[in-house]
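Visitor: Below you will find the structure I want to go over with you.
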Amino acid sequence: MCKKEVGKIIKEKNIICIMCPMGCLITVTIDDNGDILRFSGNLCKEGEKYAKAECTFAGRVLTTTILTQNSLRKLLPVKTNQPIPKEQLMDAMVFISKLKVKPPVKVGQIIVKNLMDMQVDLVATDELPM
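Take my numbering: the final residue in the sequence shown is number 169, and no numbers are missing along the way.
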């Protein structure tokens, strides 16, 4: 939804907060420069922080599994060591689905450095013994 307010185009973005079980529907009002003007609908300050983060950088830590080779286990759990942009999650999953790892692998070991040029690493979250 866009409105005109004192010569500026105003956008409203609705976000469902996931910080607690309340699930507040927060409306964030943003001007045409991308600056946040106000929040409404949140019942606590945590909701405001969450909504602000979603508007400035909607990132998620990606947790998934990759295939293994030469191991009794078929899958190894992995995660990104930092959040990646939410809109790149599916592209990252496609990339990761093509990977295979061979033992040995230790917890915290980097499986892919600088995943898809996003300045995040894909790391193992479990051991993969020989």
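Note that the Cβ used here is the ideal one computed from N, Cα and C, for glycine as well.
#1: Can you grab the Cα-Cα spacing for the pair Asp74 / Ile57, in whole Å?
#2: Please determine if the stretch 140-158 and the stretch 115-127 are in contact, where contact requires at least 3 C-beta pairs separated by less than 8 Å.
#3: In chain order, which continuous runs of the beta strand (DSSP E) of length 3 or greater are located wholly inside the stretch 91-127?
#4: List, from N- to C-terminal side, the beta strand (DSSP E) runs of 3 residues or more that fit wholly inside the stretch 60-89.
#5: Distance, Cα to Cα, Asp71 vs Cys94?
#6: Which residues in the same chain have their Cβ closer than 8 Å to the Cβ of Pro142, if we skip the five residues on either side of it in sequence?
Guide: On the basis of the coordinates in this document:
#1: 22 Å
#2: yes
#3: 102-107 and 114-119
#4: 64-70 and 75-79
#5: 13 Å
#6: Thr107, Asn109, Ser110, Leu167, Pro168 and Met169
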